[in-house]
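Just so you know, the numbering used here puts 51 at position 63 of the sequence shown, and the rest follows in order with no gaps. Note that beta-carbon positions come from the ideal geometry of N, C-alpha and C, so glycine has one too. Computed from a predicted model, the values in this text were never measured in an experiment.
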Amino acid sequence: MTGLEDNYAKAYGQKAGFGKKPALVLIDFIQGYFDPECDLYAGVDDTLASALRVREAAHAAELPVILTNVVYHPKAIDGGRFFEKAKPLRYFLAGNPMGAWPEGLEPTENELIISKQYPSAFFGTSLASTLTALGVDHVILTGLTTSGCVRASCVDSMSHGFITTVVREAVGDRHEDPHEANLFDMNAKYADVVSEAEIIAHLQSL
-11 MTGLEDNYAK AYGQKAGFGK KPALVLIDFI QGYFDPECDL YAGVDDTLAS
39 ALRVREAAHA AELPVILTNV VYHPKAIDGG RFFEKAKPLR YFLAGNPMGA
89 WPEGLEPTEN ELIISKQYPS AFFGTSLAST LTALGVDHVI LTGLTTSGCV
139 RASCVDSMSH GFITTVVREA VGDRHEDPHE ANLFDMNAKY ADVVSEAEII
189 AHLQSL
């Protein structure tokens, strides 16, 4: 254990564990992150592949699966300060091909799609109410990016009272440093960061 890990373990060494009824959320897997010509490109093909394997296990366990994306009015009148600040959000204007689902993640009729305008999958959306109505007590997060929408969704998931798990291989970022720093911090304070193998084994046990 490093000095940093030892320091944090004294204060934040608690495990959240798993709940009784999980749901899987795939955050903002959109084409822009996979197109080298796009400002959003992040080289996260392995992240998507991992999330798709977790998705398959979730469907096999007959769990709720939710996909989120970011969609703005063509004139961005619903973009607010986030749209003003983050230049690449122009790719999320309605109809832009960079906001489409990437190959391999075509939604199924059994999946719920939630469109949002801000980082968190919970902020300004029906996600928390929907999960509560379904009896969900455990949210499993995958998606993009670790330091942005995944982290925001993680904090809000915990704040809404859900046990929260982040799947390490199934979240990604454009740079390793913010990716690892945010995984470390989420695991310390808000969620358990677990491996793909661990979460799939858990889903197969349900």
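Listed in chain order, the beta strand (DSSP E) elements of length 3 or more contained wholly in the region 101 to 139 are 126 to 132. In the three-state DSSP reduction, Leu12 falls in the strand class (E or B). Counting along the chain, no beta strand (DSSP E) covers Val32, and no H or E run does either.
In the three-state reduction of the DSSP assignment, Asp66 falls in the coil class. Leu28 counts as buried, since at least 16 other C-beta atoms from the protein chains shown sit within 10 angstroms of its C-beta.
Of the candidates Phe110, Tyr21, Val13 and Phe150, Val13 places its Cα closest to the Cα of Pro95. Tyr60 sits in a strand when the DSSP states are folded into three classes. Note: Ile54 is bridge-paired with Val13 and Leu100 in the DSSP secondary-structure output. Taking Leu40 as the centre and dropping the five residues before and after it, the same chain places the C-beta of Gly92 and Leu93 closer than 8 Å to its C-beta, in chain order. For Phe22, same chain residues with a beta-carbon under 6 Å away, outside a window of 5 residues either side, are Pro90 in chain order. For Ala189, the enclosing alpha helix (DSSP H) has its first and last residue at Glu184 to Ser193. For Ile151, the beta-bridge partners assigned by DSSP are His126.
Under a 10 Å Cβ-count criterion, Phe70 is classified as exposed, with fewer than 16 other Cβ atoms of the shown protein chains found around its own Cβ.
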